[in-house]
Amino acid sequence: MKNKTENPIYSHNTLEFVTVSAEYCAYLEQLAGKTRSEFIATMQKLLPLLYLKAQMLPQVESEGNFLPDDQVTEDDYNWIRNSVYEIMKEADDYEDLVYDEGMQTEESQWKTISEGVADMYQALRNFVSAYQQRVEDCMLDALWCVKDNFELYWGQNLVDTLKQLHKIRYVLNSGSDEEDL
Numbered sequence: 054m055k056n057k058t059e060n061p062i063y064s065h066n067t068l069e070f071v072t073v074s075a076e077y078c079a080y081l082e083q084l085a086g087k088t089r090s091e092f093i094a095t096m097q098k099l100l101p102l103l104y105l106k107a108q109m110l111p112q113v114e115s116e117g118n119f120l121p122d123d124q125v126t127e128d129d130y131n132w133i134r135n136s137v138y139e140i141m142k143e144a145d146d147y148e149d150l151v152y153d154e155g156m157q158t159e160e161s162q163w164k165t166i167s168e169g170v171a172d173m174y175q176a177l178r179n180f181v182s183a184y185q186q187r188v189e190d191c192m193l194d195a196l197w198c199v200k201d202n203f204e205l206y207w208g209q210n211l212v213d214t215l216k217q218l219h220k221i222r223y224v225l226n227s228g229s230d231e232e233d234l
């Protein structure tokens with residue numbers, strides 16, 4: 054393999070993405086006692102940073118021969134989703150307009166912040182876990198997978214979730230005390 058200074062799995066941008074991803078996961082794994090306003094404020098900082106760092110990931114090629122096994126179980130996923138729901142409660146559900154390019158129409162879809170956050174957690178926790186194993190072939194495939202899934206799925210999910218969190222904090226609760234969020 055290439056030396057570590059040339060290897061994309063050890064590039065500065067990749068390691069910064071690993072760091073921010075690990076912070077995101079660690080925060081979600083310790084949600085007990087967090088208020089809605091604390092959660093929203095933290096997500097409004099972490100999500101844009103994740104988006105920026107994902108944009109800066111290097112392009113890598115992979116045949117997918119060394120994709121690591123998923124580390125996030127269904128129980129882990131549900132625990133994160135339920136923890137976020139307990140914080141968000143009635144503010145968890147939201148309606149989003151989705152544009153279908155093929156049909157050239159917009160349709161309304163109901164989404165939840167808790168599911169959006171848990172979906173991103175699953176992708177990022179699996180990625181971080183591959184890096185913690187320190188098997189370079191698996192790390193390369195995990196990097197390829199997280200970038201590909203960012204472009205196809207969780208990047209848009211991040212934007213949608215952030216948009217709704219912004220709406221809750223600044224539009225729906227304008228004039229409210231921060232603690233009332």
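Positions in the sequence shown are counted from 1; adding 53 to them yields our numbering.
Just so you know, even glycine gets a beta-carbon here, dropped at the ideal spot from N, CA and C.
Quick caveat: nothing in here was measured; it's all calculated off a predicted structure.
Taking the C-beta atoms as reference points, Y184 is found nearer than 8 Å to A195. Fully enclosed alpha helix (DSSP H) runs of no fewer than 4 residues occupy 89-108 and 127-141 of the segment 84-161, in order along the chain. By the beta-carbon neighbour count (other beta carbons within 10 angstroms, threshold 16), N118 is exposed. If you draw a straight line from the Cα of E189 to the Cα of I62, it comes to about 8 Å. Closest option to L150, judged by alpha-carbon separation, among L81, K142, V224 and T214: T214. Here the alpha carbons of D129 and N179 stand approximately 11 Å from one another. Secondary structure note for L196: its alpha helix (DSSP H) is the uninterrupted segment E189 to N202.
Three or more Cβ pairs closer than 8 Å define a contact, and the segment 82-97 meets that threshold against the segment 133-147.
In this structure, Y206 keeps its C-beta atom at 8 Å or more from the C-beta atom of C78.
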